[in-house]
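Engineer: Residue numbers in the sequence shown follow numbering that gives the first Met the number 0, run continuously in steps of one, and reach 151 at the last position.
Every residue, glycine too, gets a C-beta built ideally from N, C-alpha and C.
Keep in mind that this is a model prediction, so the values were computed, not measured.
Before anything else, here's the structure in question.
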Amino acid sequence: MLAGAIASVEAAGLSHLTTWHSGYVDELPVDNRFDAVTVIGVLHHLRGREAKLALLRAVAARLHPGGTLILACNRGAYAENLLFLKAWGERWRMAGASPEEVEVKRGKILQGADPPGSDAAVESLLAETGFEQPRLFFSSLFWGSWIARRSA
Numbered sequence: 000m001l002a003g004a005i006a007s008v009e010a011a012g013l014s015h016l017t018t019w020h021s022g023y024v025d026e027l028p029v030d031n032r033f034d035a036v037t038v039i040g041v042l043h044h045l046r047g048r049e050a051k052l053a054l055l056r057a058v059a060a061r062l063h064p065g066g067t068l069i070l071a072c073n074r075g076a077y078a079e080n081l082l083f084l085k086a087w088g089e090r091w092r093m094a095g096a097s098p099e100e101v102e103v104k105r106g107k108i109l110q111g112a113d114p115p116g117s118d119a120a121v122e123s124l125l126a127e128t129g130f131e132q133p134r135l136f137f138s139s140l141f142w143g144s145w146i147a148r149r150s151a
């Protein structure tokens, strides 16, 4: 995935404005050097509220005051929204997955992820970790994407 992102940034002529890091946020210096940070597809894999808060605090510590965070993650209780789970299964089926593969994927999701419970829960995590003005700009089934600013 990183190679694809690098290729896209290079094709857009933005390499000189981009710093790439493959690893953990905690490995980066805490000096507010970043203008923007993306956290995509990560939060729902962290177990428990405290782990989610720790990641977002680490991101905030490395972002300029007023800097931009793009956060995208699943949210909502999977088992409580059977219609969305069924839609996910249909999407995988249309992409070529067999009925057995669909069930395996669904089983992994139900056991392996811990998404925030709602849009409000995501916004609460952001507020608690120094972000303001969160705005949901994309939503599809369980997936949501927000833009927020680090508080000054």
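For T17, is the classification buried or exposed, using 16 other Cβ atoms within 10 angstroms of its Cβ as the cut-off for buried?
Structural biologist: exposed
Engineer: Helix, strand or coil for G65, going by three-state DSSP, please let me know.
Structural biologist: strand
Engineer: Which stretch, first to last residue, makes up the beta strand (DSSP E) that contains F130?
Structural biologist: First-last of the beta strand (DSSP E) with F130: 130 to 139.
Engineer: With D118 as the anchor, note down where its alpha helix (DSSP H) starts and where it stops.
Structural biologist: 118 to 127 is the span of the alpha helix (DSSP H), which, as asked, contains D118.
Engineer: Applying the 10 Å Cβ sphere with the 16-neighbour rule, what's the burial state of P98?
Structural biologist: exposed
Engineer: Would DSSP call G3 helix, strand or coil?
Structural biologist: helix
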